[in-house]
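S.K.: Dropping a structure here in structure tokens format, bear with me for questions.
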Ligand code: KG4
Ligand code: ZN
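Residue numbers (the working numbering): 380 to 710.
Structure follows, in structure tokens:
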């Protein structure tokens, strides 16, 4: 079964073809990051226009040399409404023209399963951590379509906090990769930023941590002129986010007696997060899986993967409802 996946929820236009849920025929990703960089964030108007301009050629590239697929999966939320609409309309038109089944896929669910695409050791059940630009969620995944959402973002997501802290340090956009690189050269013990654990809940809140960095910089403006000091601030901030994400996810796996964790979403590309999870996993005899770097950030391969599972189970949609704040739900 060949499934075409389409992803346009934010600022990546992506199309992928996945064969039999296993073999990636293609995964074409066009990133608009350069166009949003001057604004230090994604401009929804620009994003949807660029999706319209790119989507057809991206799909053509992903299909080559195929002329037909057996089904289409498209992200229908959460995300930017204008961006989502471009994917939805394209997918609906193609499914109608080719007379093949169409399914809508939840962007967060596709991040949850992203490690499954390349790592054959992944299996169910697992505890999933989604750490992306818009969300931070801990989910117990009992099966495809069977979820127990333990907690989520109360304010700034993990990725958002990386982007906002990078902006206030004046070190470029998107902030995650910048802070990741600079942290490698910094001292993570240099400044003791708070660890927002929100004890007693599985929720996350990173806005207070971001404010702590802001207050620190206001009090120590000269630090911004010193490259090493900026690296130290990055490393100290990152250490707090990583510690909270790792400790809470490991705690959830222990409490729910599940020996496997899958991490997905843009922040899963973070080197320190990967190392820290690896160590904590070994210590607690819990297997931790990550997607490859290319599948950590937004891509259509993960959409095709989940779409294959839905189509196999008989899911069909003739028209899709786009939902910018779609939540994780059972199916
Ligand atoms: O999953 P994603 O591509 O898009 C959303 O669904 O939001 O995640 C994008 C987020 C951005 O906030 C970006 O700064 C963050 O992922 N990110 C990282 C790294 N690479 C991307 N954060 C920390 N370390 C990284 N290496
Ligand atoms: Zn995403």
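Quick reminder that beta carbons are idealized off the backbone N, C-alpha and C, glycines included.
1. Terminal residues of the continuous beta strand (DSSP E) containing residue 410?
2. Between residue 415 and residue 421, is the Cβ-Cβ spacing less than 7 Å?
3. Is it true that the CB of residue 683 sits closer than 7 Å to the CB of residue 384?
4. In three-state terms, what does DSSP make of residue 478?
5. Any C-beta of chain D sitting closer than 7 Å to the C-beta of residue 540?
6. Identify, in the order they occur along the chain, each residue of the same chain with its Cβ nearer than 8 Å to the Cβ of residue 543, setting aside the five sequence neighbours on each side.
7. What is the rounded straight-line gap between the Cα of residue 404 and the Cα of residue 578?
8. Is residue 559 a contact residue of the ligand ZN, with contact defined as CB to any heavy atom under 6 Å?
9. Please give the ranges of any alpha helix (DSSP H) in the stretch 550-620, keeping only runs that are unbroken, at least 4 residues long and fully inside the region.
10. Helix, strand or coil for residue 511 per DSSP?
11. Return the bridge partner residues of residue 656 from the DSSP annotation.
12. Could you say which of 646, 650, 669 lies nearest to residue 563 if we only look at CA atoms?
13. Which of the three DSSP states, helix, strand or coil, is assigned to residue 393?
14. Just curious, the beta strand (DSSP E) that residue 450 is in, first and last residue?
15. Please give me, in chain order, every unbroken run of the beta strand (DSSP E) with length at least 3 that falls completely inside the stretch 636-685.
16. Return helix, strand or coil for residue 485, following the three-state DSSP convention.
17. CB-CB under 7 Å to residue 463, same chain, minus the five flanking residues each way: which ones, in chain order?
18. Do you know offhand how far residue 391's Cα is from residue 410's?
19. DSSP three-state label for residue 398, please.
20. Does the contact criterion of 3 or more C-beta pairs under 8 Å hold for the stretch 633-644 versus the stretch 614-621?
21. Quick check on this structure: which residue in 583, 575, 633, 552 has the alpha carbon closest to the alpha carbon of residue 413?
22. What does the alpha-carbon distance come out to for the pair residue 691 and residue 498?
23. Given residue 547, which residues of its chain have a CB within under 7 Å of its CB, disregarding the five upstream and five downstream residues?
24. Can you give the Cα-Cα distance for residue 667 and residue 656, rounded to whole angstroms?
25. Rounded to whole angstroms, how far is the Cβ of residue 511 from the Cβ of residue 400, which I believe are closer than 8 Å?
26. Exposed or buried, what is residue 662 when buried is set at 16 or more other beta-carbons lying within 10 Å of its beta-carbon?
27. What's the C-alpha gap between residue 621 and residue 532?
28. Is the beta carbon of residue 427 sitting closer than 7 Å to the one on residue 461?
29. What does the alpha-carbon distance come out to for the pair residue 495 and residue 507?
30. Express the C-alpha separation of residue 489 and residue 634 in angstroms, rounding to a whole number.
M.R.: On the basis of the data shown:
1. Following the DSSP letters along the chain, one finds residue 410 inside the beta strand (DSSP E) bounded by residues 402-410.
2. yes
3. yes
4. coil
5. Note that chain D does not occur in the displayed structure, where there is just one protein chain.
6. 535, 554, 589
7. 44 Å
8. no
9. Counting only runs of 4+ residues, the alpha helix (DSSP H) found wholly inside the stretch 550-620 occupies 554-563, 586-598, in chain order.
10. coil
11. DSSP lists no partner for residue 656.
12. 650
13. strand
14. 450-456
15. 639-643, 666-668
16. strand
17. 387, 388, 454, 455, 456, 701, 703
18. In a straight line, the C-alpha of residue 391 is about 5 Å away from that of residue 410.
19. Residue 398: strand per DSSP, three-state reduction.
20. no
21. 552
22. The C-alpha of residue 691 lies about 21 Å from the C-alpha of residue 498.
23. 592, 593, 596
24. 7 Å
25. That pair is no contact at about 23 Å.
26. exposed
27. Approximately 15 Å between the Cα atoms of the pair.
28. Contact annotation: residue 427 and residue 461 have beta-carbon atoms nearer than 7 Å.
29. 12 Å
30. Roughly 25 Å separates the two Cα atoms.
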